[in-house]
Amino acid sequence: MLETPRKFTVVSGSAEGPSRLNAFDNALLAAGIGNLNLLKVSSILPPGAVEVPQLDIPPGALVPTAYGAIVSEVPNERIAAAVGVGIGADGDYGVIMEFSGRCSREEAEAEVRRMCAAAFEARGRALDRVIVAATEHRVREVGCAFAAVALWY
Amino acid sequence: MLETPRKFTVVSGSAEGPSRLNAFDNALLAAGIGNLNLLKVSSILPPGAVEVPQLDIPPGALVPTAYGAIVSEVPNERIAAAVGVGIGADGDYGVIMEFSGRCSREEAEAEVRRMCAAAFEARGRALDRVIVAATEHRVREVGCAFAAVALWY
Amino acid sequence: MLETPRKFTVVSGSAEGPSRLNAFDNALLAAGIGNLNLLKVSSILPPGAVEVPQLDIPPGALVPTAYGAIVSEVPNERIAAAVGVGIGADGDYGVIMEFSGRCSREEAEAEVRRMCAAAFEARGRALDRVIVAATEHRVREVGCAFAAVALWY
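For the record, the sequence lines run as chains A, B and C.
Convert by adding 201 to the 1-based position in the first sequence; the result is the number in this note's numbering.
Convert by adding 201 to the 1-based position in the second sequence; the result is the number in this note's numbering.
Convert by adding 201 to the 1-based position in the third sequence; the result is the number in this note's numbering.
In structure tokens form, the structure reads like this:
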């Protein structure tokens, strides 16, 4: 099977760019995750995975990543993205939730906290805490807000 | 290279949730696939892969998965999702097709059957049978219908 | 960790199909990449990766792939997709950009060239050249234009 990740790092960043994809690319660079091959996952924290503050991964590596992103071309619009990692009281697997929208960073963060709480309730498990990363951005021309949980080894 | 999957399991499920992503998460739980890291693939059944009725995968594992999903926030709307695995008469690789829409389970199932037939015709191969999983859901507030083929080891 | 790809192949293709997903599937077949499990990546060329003109990968294999695709059901509409691989003067990692839209092949190609240039500028690196694949298609009923960089081993 594909090796299950053992580490995770929570990041966020916002940026402008000359195109939608460049804005996304620049937001990844701002988040410190721009030179990797992100594989989007849907999105469980493996049991025993350890949080590491900084990514230490060579460029071009394949990195399973749960993320939320929004790109806007509406000048002056406020956009935000957040991720939350719900950690259980029982030491079992965690649940990762992503959100992005036309709102503030605080609203995005509150939303992923609610989503993590609901995910634990749906599983009948006690939620201990939620690790959050969130960002907001005021669009100039083409802007992107991006938040992610990278799962690595 | 990344190891080619040798097993597959076909699942489906529908659910409500307090947000779009929670509805999706709950539909995955209803389908029995909620505690994994789904890697969305586009979507071929490896030659020789064996159907296994139940998933037996530890939480947080990376699982290549072909899936169709629809989320709706329109009360009383009927939504459906289906997957089909087209199996050839020749024992070679199969083709996986996904569909979701605002329709009945029967319509979604018929659609993936048609799509698998067309995929085999495009390859000039004889289709032996189609393995299908399908689900429909009547939305209350925020609902999701989800159908998937998990590829594992 | 997941093994980092060491080869890459740039492809493109367009096709019609009886459904949106069949059109996509047929465009993949036209591009010579139809019988693989594409894992969508976001999208860096690993340092030292070597371009190989033809894919040599068994069916059903998991293949990290950066791609742009557009499906249209508007008769007579022109659609296009392009990918660009920006290669640096320094031999370090490259940057892959994807684009698809309702435009000509030349416009799609020019767009990915601009995007690769911007991605190198954002990184403060000198761009040596851009390897491009692009395709355009005039829709009859349901058409798809697809361009990709497959990363393999």
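Even glycine gets a Cβ: it sits at the ideal position worked out from N, Cα and C.
- Message: I want to see whether chain A comes within less than 9 Å of Tyr294 of chain C, judged by CB atoms only; does it?
- Response: Yes, Tyr294 of chain C counts as interfacial toward chain A.
- chain F partners of Ala228 of chain A, CB-CB under 9 Å? No chain F appears in this structure, whose protein chains are A, B and C.
- Listed from N- to C-terminal order along the chain, which residues in the stretch 236-264 of chain A have their beta-carbon within a distance smaller than 9 Å of any beta-carbon of chain C? So the list reads Asn236, Leu237, Asn238, Leu239, Leu240, Lys241, Ile258, Pro259, Pro260, Gly261, Ala262, Leu263 and Val264, given in the order they occur along the chain.
- Item | Whole beta strand (DSSP E) elements within the stretch 220-251 of chain C, 3-residue minimum | With a minimum length of 3 residues, the continuous beta strand (DSSP E) runs that stay inside the stretch 220-251 of chain C are 238-243.
- Is Leu246 of chain C near the ligand SAM, with its Cβ less than 8 Å from a heavy atom? Looking at this structure, you won't find the ligand SAM or any other ligand, since it has none at all.
- For Glu337 of chain A, the first and last residue of its enclosing beta strand (DSSP E): It spans Leu328 to Arg339 - the beta strand (DSSP E) in which Glu337 of chain A sits, taken as one unbroken run.
- Three-way DSSP call (helix, strand, coil) for Ala262 of chain C in this model: Coil, per DSSP.
- Message: As a quick exercise: from B:Arg207, B:Ala224, B:Lys208 and B:Asp257, pick the residue whose alpha carbon is nearest that of Glu342 of chain B.
- Response: Comparing Cα positions, the closest option is B:Ala224.
- Message: Tell me the DSSP secondary structure of Ser279 of chain B in three-state form.
- Response: According to the sequence shown, residue 279 of chain B is Arg rather than Ser. DSSP places Arg279 of chain B within a strand segment (E or B) once states are collapsed to three.
- Proximity to Val333 of chain B [Cα-Cα], best of B:Arg339, B:Arg207 and B:Arg314: Per the Cα distances, B:Arg314.
- Listed by chain order, chain B residues near Glu299 of chain A by CB distance under 8 Å: Going along chain B in sequence order, the residues near Glu299 of chain A (Cβ under 8 Å) are Leu222.
- Message: Please return the same chain residues whose Cβ sits closer than 8 Å to the Cβ of Arg221 of chain C, not counting the five positions on each side in sequence.
- Response: Result list for Arg221 of chain C: Val272, Glu274, Val343 and Cys345, in chain order.
- Taking the C-alpha atoms as reference points, what is the distance between Glu217 of chain B and Glu322 of chain B? So the alpha carbons of these two residues sit roughly 38 Å apart.
- Message: Please state whether the Cβ-Cβ distance between Leu203 of chain A and Leu246 of chain B is less than 9 Å.
- Response: No; because the gap between Cβ atoms is not below 9 Å, this pair is not in contact.
- Message: I'd like to know whether the C-beta atoms of Ala351 of chain A and Leu230 of chain A end up nearer to each other than 9 Å.
- Response: Taking C-beta atoms as the reference points, Ala351 of chain A and Leu230 of chain A fail to come closer than 9 Å.
- Item | Below-9 Å beta-carbon distance, Phe225 of chain C vs any chain B residue | Yes, Phe225 of chain C lies at the interface with chain B (some Cβ there is under 9 Å from its Cβ).
- Residue closest to Val340 of chain A, alpha-carbon to alpha-carbon, out of A:Asn277, A:Ser215 and A:Ala327: Nearest C-alpha to Val340 of chain A: A:Asn277.
- Item | Reduced DSSP category for Met202 of chain B - H, G, I as helix; E, B as strand; rest coil | DSSP places Met202 of chain B in the coil class of the three-state scheme, outside both helix and strand.
- Query: Buried or exposed: Pro254 of chain A, going by 16 or more other Cβ atoms within 10 Å of its Cβ?
  - Reply: Around the C-beta of Pro254 of chain A, fewer than 16 other C-beta atoms lie within 10 Å, and the residue is accordingly described as exposed.
- Please list the partners that Ala323 of chain C has in chain A, where partner means a Cβ-to-Cβ separation under 8 Å. Per Cβ cutoff of 8 Å: Gly218, Asn223, Asp226, Asn227 and Leu230.
- Query: Which partner residues does Leu352 of chain A have in the DSSP bridge list?
  - Reply: Leu352 of chain A pairs with A:Phe209.
- Task: Would you list the one or two residues that DSSP bridges to Ala346 of chain C?
- Result: DSSP, once it has assigned bridges, lists C:Ser215 and C:Ile271 as partnering Ala346 of chain C.
- Query: With 16 other CB atoms within 10 Å as the buried threshold, where does Ala349 of chain B fall?
  - Reply: Its Cβ being crowded by 16 or more others within 10 Å, Ala349 of chain B is buried.
- Query: Thinking just about the alpha-carbon of each residue, which of A:Cys317, A:Thr336 and A:Asp329 is nearest to the one in Ala283 of chain A?
  - Reply: Checked all of A:Cys317, A:Thr336 and A:Asp329; the closest Cα to Ala283 of chain A is A:Thr336.
- Message: Rounding to the nearest angstrom, what Cα-Cα distance links Asp293 of chain C and Val251 of chain A in this structure?
- Response: The alpha-carbon atoms of Asp293 of chain C and Val251 of chain A are separated by roughly 30 Å.
- Status (buried if at least 16 other CB within 10 Å, exposed otherwise) for Ala319 of chain C: Ala319 of chain C is buried by the Cβ-count criterion.
- Query: Are the C-beta of Glu310 of chain B and some C-beta of chain C separated by less than 9 Å?
  - Reply: At a cut-off of 9 Å between beta-carbon atoms, Glu310 of chain B makes no contact with chain C.
- Message: Among the candidates B:Asn227, B:Ser244, B:Leu240 and B:Pro219, whose CA atom is the shortest distance from the CA of Ile288 of chain B?
- Response: Of the residues B:Asn227, B:Ser244, B:Leu240 and B:Pro219, the one whose Cα lies closest to the Cα of Ile288 of chain B is B:Ser244.
- Query: What residues of chain A sit near Leu352 of chain B, judged by a beta carbon separation below 9 Å?
  - Reply: Correct list: empty, because the minimum Cβ distance to chain A is about 10 Å.
- Buried versus exposed, by CB contacts within 10 Å (16 or more), Ala290 of chain A: Counting Cβ neighbours within 10 Å, Ala290 of chain A comes out exposed, since fewer than 16 surround it.
- Task: Output the distance between the C-alpha atoms of Ser215 of chain C and Val264 of chain C, rounded to the nearest integer angstrom.
- Result: The straight-line gap from Cα to Cα measures roughly 20 Å.
- Query: Under three-state DSSP, which class holds Val253 of chain A?
  - Reply: It is coil, neither helix nor strand.
- Query: Which same chain residues, not among the five before or five after Val296 of chain B, have their C-beta less than 8 Å away from its C-beta?
  - Reply: Only residues of its own chain outside the window of five on either side were considered, and among them Ser244, Ile245, Leu246, Val286, Gly287, Cys317, Ala320, Phe321 and Arg324 have a CB closer than 8 Å to the CB of Val296 of chain B, listed in chain order.
- Does any CB atom of chain B fall closer than 9 Å to the CB of Glu307 of chain A? When Cβ-Cβ separations below 9 Å define contact, Glu307 of chain A makes no contact with chain B.
- Message: Rounding to the nearest angstrom, what Cα-Cα distance links Ala281 of chain B and Ser305 of chain B in this structure?
- Response: Inter-residue distance for Ala281 of chain B and Ser305 of chain B is about 6 Å (C-alpha atoms, whole angstroms).
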